[in-house]
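**Student:** The sequence shown lines up with residues 181 to 448 when you count with this note's numbering.
Starting off with a structure, shown below.
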Amino acid sequence: MDVIFSALLLASMYGLVAIGISFTWASIGMLNLAQGFIFTAGGYTAFLFAEVASTYGIEGVPLSVGLIIAGMAGSAVTGLAVGAVAFLPLQDRDNFRTRSLIATLAISLIGTQVWLIFFGPQNKPLPPIFGTGRIEVAGSGIGNGQLGAIVVAILMLGAVILWMRSSRAGLQMRAMMMNPLGAAVVGVSVRTTGMRVLAISGALTGLASVLLAQTFFVSPTSGVQPLTVGLIISLAGGLGSIPGTVAAAGLLGLAEALTARYLQQSLV
181 MDVIFSALLL ASMYGLVAIG ISFTWASIGM LNLAQGFIFT AGGYTAFLFA
231 EVASTYGIEG VPLSVGLIIA GMAGSAVTGL AVGAVAFLPL QDRDNFRTRS
281 LIATLAISLI GTQVWLIFFG PQNKPLPPIF GTGRIEVAGS GIGNGQLGAI
331 VVAILMLGAV ILWMRSSRAG LQMRAMMMNP LGAAVVGVSV RTTGMRVLAI
381 SGALTGLASV LLAQTFFVSP TSGVQPLTVG LIISLAGGLG SIPGTVAAAG
431 LLGLAEALTA RYLQQSLV
């Protein structure tokens with residue numbers, strides 16, 4: 181059961197990042213290599229919120245909710261900033277995919293150095309959002325942080341899918357993913373929808389950052405592995421396919437959990 185819990189945790193976290201990457205590619209044709217930078221931005225925003233909350237004595241449920249909102253908001257704003265640099269100025273130019281790929285890579289490299297300058301190389305912990313206890317299931321224990329992260333990630337994914345199917349903005353986003361040119365012809369604003377996609381994918385990535393920090397830490401390079409794994413999952417599951425991305429995330433999470441359990445942690 182320990183392996184199953186670990187696989188679910190990794191799959192849900194990596195899946196959030198991969199879905200953001202997949203959305204961005206399918207809707208605006210941009211492979212966002214700055215997703216790792218956006219991931220770290222969410223973690224550091226939550227860390228700063230925790231520092232302020234500690235100063236004013238905020239704790240309990242308000243602290244937990246605030247950490248999640250801060251992480252998602254920080255990454256969403258960072259996603260919009262990436263869009264302002266790598267999407268809006270380049271969207272109408274030739275070779276947009278290549279230009280945006282280079283631009284987001286540059287943002288990622290520069291952003292890592294910015295985190296190092298402002299926060300240093302040390303790992304930054306976040307306060308526990310779901311408490312520090314453990315729950316026994318089928319003879320195996322799972323920490324409240326891990327279980328809470330899995331549940332919140334699944335609920336958020338379900339909320340995003342429901343929003344995409346029921347709201348006008350969500351339908352415009354789906355139209356962009358299915359046929360960007362056709363969507364533009366019928367009046368969908370490519371630039372507005374593209375920025376909305378970047379904000380949503382950023383928020384999902386920020387949520388993953390905060391939840392994963394319940395098990396690990398926030399550091400200037402903490403977004404490198406989620407970016408790498410997210411790219412693998414989104415490509416394996418099919419760019420733009422939510423079911424394919426979820427399935428690929430589950431398989432990769434299980435493979436990583438099995439490797440860590442039965443081989444060596446260093447191989448993960």
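Ideal Cβ positions, reconstructed from N, Cα and C, are used throughout, including at glycine.
For E316, which residues does DSSP report across the bridge?
**Tutor:** Position 136 of the sequence shown, counted from the start, is the residue given in the question as residue 316. DSSP output for E316 lists G321 as bridge partner(s).
**Student:** Please work out which residues of its chain come closer than 7 Å, Cβ to Cβ, to I341, disregarding the five sequence neighbours upstream and downstream, and give them in chain order.
**Tutor:** Position 161 of the sequence shown holds residue 341. Same-chain partners within the cutoff: I422.
**Student:** Measure how close the beta-carbons of F217 and S288 come, nearest whole angstrom, since I'm counting them as under 8 Å.
**Tutor:** Taking the sequence shown and counting its residues from 1, the one referred to as residue 217 is at position 37. Taking the sequence shown and counting its residues from 1, the one referred to as residue 288 is at position 108. With 8 Å as the limit, F217 and S288 qualify as a contact, their Cβ atoms being about 5 Å apart.
**Student:** In the structure shown, what three-state DSSP assignment does V183 receive?
**Tutor:** As a first step, residue 183 must be located in the sequence shown, where it is residue number 3. In the structure shown, V183 sits in a helix (DSSP, three-state: H, G or I).
**Student:** With a threshold of 6 Å on Cβ separation, who are the neighbours of V409 within its own chain once the five nearest residues in sequence on each side are excluded?
**Tutor:** On the sequence shown, residue 409 is found 229 positions in, with the first residue counted as 1. Here the set comprises Y194.
**Student:** With the cut-off set at 8 Å, would you say L378 and F267 are in Cβ contact?
**Tutor:** For this step, residue 378 is matched to residue 198 along the sequence shown. For this step, residue 267 is matched to residue 87 along the sequence shown. Yes, the pair counts as a contact, with Cβ atoms nearer than the cut-off.
**Student:** Closest to A393 by C-alpha separation, out of G251, A437 and I322, would be which residue?
**Tutor:** Your numbering for residue 393 matches position 213 in the sequence shown. For A393, the nearest C-alpha among the options comes from G251.
**Student:** How many Å lie between G259 and I208 at the Cα?
**Tutor:** Here residue 259 is taken as the residue at index 79 of the sequence shown, counted from 1. Here residue 208 is taken as the residue at index 28 of the sequence shown, counted from 1. Approximately 14 Å between the Cα atoms of the pair.
**Student:** Pull up the DSSP beta-bridge partners for V398, would you.
**Tutor:** Working through the sequence shown from its first residue, we reach residue 398 at position 218. The partner list for V398 (beta bridge, DSSP) reads K304.
**Student:** Grab me the residues of A221's own chain with a C-beta within less than 6 Å of its C-beta, minus the 5 sequence neighbours each way, in chain order.
**Tutor:** The count along the sequence shown starts at 1 and reaches residue 221 at position 41. Here the set comprises G254, S255 and T258.
**Student:** Measuring only the C-alpha atoms, how far is I297 from G291?
**Tutor:** On the sequence shown, position 117 is the one that residue 297 refers to. On the sequence shown, position 111 is the one that residue 291 refers to. Distance between the alpha carbons of I297 and G291: 10 Å.
**Student:** Can you tell me whether S453 is buried or exposed? The criterion is at least 16 other CB atoms within 10 Å of its CB, across all chains shown.
**Tutor:** The structure shown does not extend to residue 453, since the chain is modelled only from 181 through 448, so no value can be given for it.
**Student:** Tell me the rounded alpha-carbon separation between A349 and V331.
**Tutor:** Along the sequence shown, one-based indexing puts residue 349 at 169. Along the sequence shown, one-based indexing puts residue 331 at 151. Near 26 Å, if we compare the C-alpha coordinates of V331 and A349.
**Student:** Between the segment 362-379 and the segment 417-435, are three or more C-beta pairs nearer than 8 Å?
**Tutor:** The segment 362-379 vs the segment 417-435: no contact.
**Student:** Using a 10 Å radius around the Cβ and a threshold of 16 neighbouring Cβ atoms, would you call Y487 buried or exposed?
**Tutor:** Lying before the first or after the last residue shown, residue 487 is absent from the chain, which here runs from 181 to 448.
**Student:** In the structure shown, what three-state DSSP assignment does I248 receive?
**Tutor:** The count along the sequence shown starts at 1 and reaches residue 248 at position 68. If DSSP states are grouped into helix, strand and coil, I248 belongs with the helices.
**Student:** Reducing DSSP to helix, strand and coil, say where M344 ends up.
**Tutor:** Within the sequence shown, the letter at position 164 stands for residue 344. Three-state DSSP puts M344 in a helix.
**Student:** Looking at the secondary structure, which residues open and close the alpha helix (DSSP H) in which A286 lies?
**Tutor:** If you number the sequence shown from 1, residue 286 lands on position 106. Run containing A286: F276 to F299, per the alpha helix (DSSP H) assignment.
**Student:** Among the candidates G311, A264 and L196, whose CA atom is the shortest distance from the CA of G240?
**Tutor:** Taking the sequence shown and counting its residues from 1, the one referred to as residue 240 is at position 60. The candidate whose alpha carbon is nearest that of G240 is G311.
**Student:** Using C-beta distances below 7 Å, list every residue in its chain close to L391, excluding the 5 sequence neighbours before and after it, in chain order.
**Tutor:** Stepping through the sequence shown from its first residue, residue 391 is reached at position 211. Around L391: M193, A329, V332 and A333.
**Student:** The alpha helix (DSSP H) with Q215 in it runs from where to where?
**Tutor:** Numbered from 1 along the sequence shown, position 35 holds the residue referred to as residue 215. Q215 to T235 is the span of the alpha helix (DSSP H), which, as asked, contains Q215.
**Student:** Is DSSP giving Q271 helix, strand or coil here?
**Tutor:** Position 91 of the sequence shown holds residue 271. If DSSP states are grouped into helix, strand and coil, Q271 belongs with coil.
**Student:** For a quick check, are the C-beta atoms of V398 and F227 less than 8 Å apart?
**Tutor:** Along the sequence shown, one-based indexing puts residue 398 at 218. Along the sequence shown, one-based indexing puts residue 227 at 47. In contact: V398 and F227 (Cβ atoms closer than 8 Å).
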